[in-house]
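Asks: With numbering that gives the first Met the number 0 applied, the sequence shown covers 0 to 293.
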Amino acid sequence: MNKKEFRGIYPALVTPFDANGEIAVKPLQKLIETNIKKGVSGFYVAGSTGESYMLTMAERKYLLEAVMDAVDGRADVIVHAGMFAEKQTIELAQHAEKCGAAAVSSVPPFYFPFTMEEYEVYYKEIAENTGIPVIVYNIPDMSSVHFSEPDMSELLAIDGIGGMKHTSYDLFQLERLIRLWPEKNFFCGHDEIFLSALSAGADAGIGTSFNFMAEKFIELRRLYRSNRIREAQVLQAEANDIISVLCKVSVFKGTKEILKLQGIDCGECRKPFLPLDEAARQLVKETAEKYHLI
Ligand code: MN9
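Structure (structure tokens):
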């Protein structure tokens with residue numbers, strides 16, 4: 000298995016839509032270009048932030064191809080291939096490998112309560128059918144799939160599983176798993192606890208807010224690695240002032256609003272999401288101004 004190590008900051012790309020609700024490639028290219036200039040390590044495509052479950056199979060493939068084109072080998076591309084049917088997940092994972100993605104990832108199958116054995120077979124079969132590392136996407140609040148530490152350990156033990164994206168506030172579990180699996184890749188999936196995740200042993204993050212403030216997190220990680228913890232805390236606190244507002248108005252919609260203010264119009268989130276109301280837009284704008292994001 001490819002033992003590639005992933006380190007640093009990976010924006011969980013928003014999926015830009017045009018006025019008709021179709022995937023818009025121009026803002027996507029601009030978003031990628033801006034972030035590569037800032038020094039991100041790579042991108043996470045079609046995750047929660049990318050509204051993956053609101054995209055068709057054809058759109059998922061089209062989106063990745065557009066991303067690969069824009070990135071042009073300058074950064075890692077990790078693709079979320081999770082789908083409702085395993086057959087479709089594998090199809091997307093194989094497409095990702097063919098396109099040159101560095102890794103593929105998946106939320107566990109949800110809606111139906113599956114057994115641990117069923118989750119294991121799911122991840123094993125993705126790994127067996129692709130030659131790139133598979134990253135388990137642990138997101139209990141959204142998937143309603145709660146893996147215990149031993150459960151997660153069983154998944155990490157599968158050949159071909161390259162690590163996990165931990166979108167959970169359970170730092171104890173994260174620290175234990177990193178200790179048990181030092182050769183695997185662990186991504187912090189909640190931007191607001193990035194510094195805490197670094198101190199739990201993680202060295203990479205995949206996040207929504209990295210779309211518009213990757214530079215803050217790149218600097219935070221640099222400060223942490225130079226033992227300048229107090230300064231890193233100041234940056235995390237500043238980022239969290241912004242993230243708190245986003246959580247209040249809706250993280251993905253708020254992120255697209257800030258990107259628009261930064262000159263990268265990614266449109267609205269797809270229905271059933273509805274546009275932000277005027278008061279929310281105003282709050283996002285004031286916050287973006289206050290923290291010099293625009
Ligand atoms: O990709 C994101 N998680 C989700 C990671 O979208 C569920 C995070 O960046 C969060 O949006 C962020 C706010 O909770 O940490």
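Built from N, CA and C at the ideal position, the CB exists for glycine as well. None of the values given here were measured: they were computed from a predicted structure.
1) Distance check for Thr129 and Met0, CA to CA, integer angstroms please.
2) In terms of residue numbering, what span does the beta strand (DSSP E) encompassing Asn137 cover?
3) Quick one: complete alpha helix (DSSP H) runs, 4+ long, within the stretch 175-217?
4) In chain order, what residues of the same chain lie with their CB nearer than 6 Å to the CB of Arg178, ignoring the 5 residues before and after it?
5) Please determine whether the Cβ atom of Asp240 lies at a distance below 7 Å from any heavy atom of the ligand MN9.
6) Between the alpha carbons of Lys97 and Met151, how many angstroms are there, rounded?
7) Which residues in the same chain as Ser208 place their Cβ atom closer than 6 Å to its Cβ, once the five residues preceding and following it in sequence are excluded?
8) Would you kindly work out how many angstroms separate the C-alpha atoms of Ala84 and Ser147, rounded to a whole number?
9) Compute the Euclidean distance between the alpha carbons of Val135 and Ile157, then round it to the nearest angstrom.
10) Does the Cβ of Ala196 have 16 or more other Cβ atoms within 10 Å, making it buried, or fewer, making it exposed?
11) Report yes if the C-beta of Asp276 is less than 7 Å from at least one heavy atom of the ligand MN9; otherwise report no.
12) Is there at least one non-hydrogen atom of the ligand MN9 closer than 7 Å to the beta-carbon of Ala80?
13) Could you check how far apart the C-beta atoms of Ala199 and Glu237 are, in whole angstroms? I think they sit under 8 Å.
14) Measure the C-alpha to C-alpha separation of Gln232 and Asp240 and round it to an integer number of angstroms.
15) How far does the alpha helix (DSSP H) with Val106 in it reach, from first residue to last?
16) In the structure shown, what three-state DSSP assignment does Asp75 receive?
17) For Ala18, count neighbouring Cβ atoms within 10 angstroms of its own Cβ and tell me buried if that reaches 16, exposed if not.
18) Pick from Cys187, Asp202, Thr55, Lys86: whose alpha carbon is nearest that of Arg224?
19) So Val13 and Cys265 are supposed to be a Cβ contact under 8 Å. How far apart are they, rounded?
20) Are there any heavy atoms of the ligand MN9 lying less than 7 Å away from the beta-carbon of Ala11, as far as the coordinates show?
21) My understanding is that Phe211 touches Gly204, with C-beta atoms under 8 Å, so please give their C-beta distance in whole angstroms.
22) List the DSSP bridge partners of Gly99.
23) Using only alpha-carbon positions, find the residue among Val24, Leu282, Ala279 that is nearest to Pro15.
24) Could you give the DSSP three-state label for Met141: helix, strand or coil?
Replies: Let me lay it out:
1) Low confidence applies to Met0: its pLDDT is 46, below 50, so where it sits in the model is not reliable, and the reading given next is rough at best. Distance between the alpha carbons of Met0 and Thr129 is about 10 Å.
2) Unbroken beta strand (DSSP E) run through Asn137: 133-137.
3) If we require 4 residues or more, the alpha helix (DSSP H) runs fully inside the stretch 175-217 come out as 193-198.
4) If we look at Arg178 and ignore the five residues flanking it on each side, it has no Cβ neighbours.
5) No, the ligand MN9 has no heavy atom inside 7 Å of this Cβ.
6) Their backbone Cα atoms lie some 28 Å apart in a straight line.
7) The residues are Asp190, Ile242.
8) The C-alpha of Ala84 lies about 24 Å from the C-alpha of Ser147.
9) If I take the Cα positions, the gap works out to 11 Å.
10) Of the other Cβ atoms in all chains shown, 16 or more fall within 10 Å of the Cβ of Ala196; this residue is therefore buried.
11) Asp276: no, Cβ never under 7 Å from the ligand MN9.
12) Incorrect: Ala80 has no Cβ contact closer than 7 Å to the ligand MN9.
13) Contact flag wrong, Cβ pair sits at about 21 Å.
14) Roughly 12 Å between the two C-alpha positions.
15) According to the DSSP assignment, Val106 belongs to no alpha helix (DSSP H), since it is labelled neither H nor E.
16) The answer is strand: DSSP assigns Asp75 an E or B state.
17) Burial call: exposed.
18) It is Asp202 whose Cα lies nearest to the Cα of Arg224.
19) In this structure, Val13 and Cys265 form a Cβ contact; the two beta carbons are roughly 5 Å apart against a cut-off of 8 Å.
20) In this structure, Ala11 has its CB closer than 7 Å to one or more heavy atoms of the ligand MN9.
21) Here Phe211 is actually not in contact with Gly204; their C-beta atoms are around 15 Å apart, not less than 8 Å.
22) According to the DSSP secondary-structure assignment, Gly99 is paired through a beta bridge with no residue.
23) Pro15 has its Cα closest to that of Val24, out of Val24, Leu282, Ala279.
24) Helix at Met141.
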